[in-house]
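Down below is the structure, laid out as structure tokens.
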Amino acid sequence: MKLILFHLILTVNPLVKIITNERVILKPSDTILQFNALENDIRFFVNNSKTIGDSISYQLIGFDQKPNFSSYPEIRYTDLKGGNYTFIIKKYSGGKVIESSSAKIEVERELAEEWWFWPSLALYAMLLIGAGFYFYLINSFRQKMKVQVLRNRIASDLHDEVGATLSSIAMSSNLVNRKIGAANPEIQSMLAQIKTDSEETIYTIRDTVWTINPDNDSFEKLIEKLRAFAFQIFNAKGIELIFLNELSDKKAPKLLMEQRRNAYMIIREALNNIARHSEATVAEMHIKKIKEGISISLKDNGIGFEKDPNNHGNGLKNFEKRAKEGFMDFEIKTEKGKGTQISLLIPEL
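Sequential numbering of the sequence shown, starting at 2, is according to this note's numbering.
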């Protein structure tokens, strides 16, 4: 019995012998048949006259789990994976083996079947991800540096140019007031107002410069700034300040510049309102960590006021607007004759 090996043609494989459909006859001198990774669809033919009762058994060791029995002279294997195989065929007649033959077959492994392929691919992917993340960090760092340079320049310009101009206006109005104010009470009043407005604008600019300065980005500096401002303004009005800070440095959150600026402006304006309008003798500022974030509350024992649900003043609207811009929750509780309490919740980013 002779085994005839016939390789099905693959259009991507231009081998002449295979294209011409030439049959390869297995001879005793053929010890191994080698195929590349694309030549993995093969058929075996039993080139022998068949008599009644004849049958064959075959097994491709490395692919078949056990021998297969058939009376059909054609055997086909498709999509063989790369590796070494041994094809064994036996012919039976009357229940006895009358002929047998075998062939060793080697199919070249595809790239994806090599043991090192997937680890290498994973390593390559990790390198790509790592490189992408590295360039992202570099770009992010550069953008932050650009923003910091811009913030420093704006702060410097506001402080040096605008601040100096306003200071000059305040001093000039004061000088003019001394010279001609006594002779003209109306002009004296106007000059005094110019001086007051200029000084208040200077303080506002200083606060703006402070909030955009990158050196003041920490939450601790925000609290210290508010504490210093509260003591300064309350001492001038004879108001006792109870300052409670239960927040440790480890629990202090990181704030965005806009969030920090809005939080500062809300609390500063609330402190100003207590000093100017509340007629309070005691005020308390309480800072603590809660589940939702950082809570800053400010309350006084002053005269309070009645809130008109249909008419929010500009002050309350500004509070709500700033809180919304900083992704914060703002609440005010007040009742005439029972003081006022303001609560600001800063969520953790």
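Glycine included, each C-beta is placed from N, C-alpha and C at the ideal position.
Item, Value
"Spatial neighbours of Lys-145 in its chain, beta-carbon cut-off 6 Å, leaving aside the 5 residues before and after", "none"
"Rounded separation between Thr-197 and Ile-139 - CA only", "48 Å"
"Contact belief for Met-329 with Ile-343 at Cβ below 8 Å, rounded distance in angstroms", "At roughly 12 Å, the Cβ-Cβ gap does not stay under 8 Å, so Met-329 and Ile-343 are not in contact."
"Span of the beta strand (DSSP E), counted from its first residue to its last, around Ile-76", "75–78"
"C-beta contact flag for Ile-57 and Lys-82 at 8 Å", "no"
"Whether Ser-208 touches Arg-143 by CB criterion (8 Å)", "What sits at residue 208 in the sequence shown is Asp, not Ser. In this structure, Arg-143 does not lie closer than 8 Å to Asp-208 by Cβ."
"Anticipated Cβ contact below 8 Å, Ala-324 with Asp-301, distance rounded", "Ala-324 to Asp-301, Cβ: 20 Å. No contact."
"Per DSSP, the bridge partner or partners of Thr-87", "Ile-62, Lys-105"
"First and last residue of the uninterrupted beta strand (DSSP E) at Asn-69", "69–71"
"Coil, strand or helix - Asp-330 by DSSP", "strand"
"Cβ contact check for the region 235–253 and the region 211–223: 3 or more pairs under 8 Å", "yes"
"Completely contained alpha helix (DSSP H) runs for the region 203–259, where each covers 4 or more residues", "220–238"
"With 16 other Cβ atoms within 10 Å as the buried cut-off, status of Ala-264", "buried"
"Neighbourhood of Ala-62 by C-beta, 8 Å cutoff - its chain only, sequence neighbours within 5 removed", "The sequence shown places Ile at residue 62, not Ala. Within the same chain, Ile-62 has close Cβ partners Tyr-86, Thr-87, Phe-88, Ile-89."
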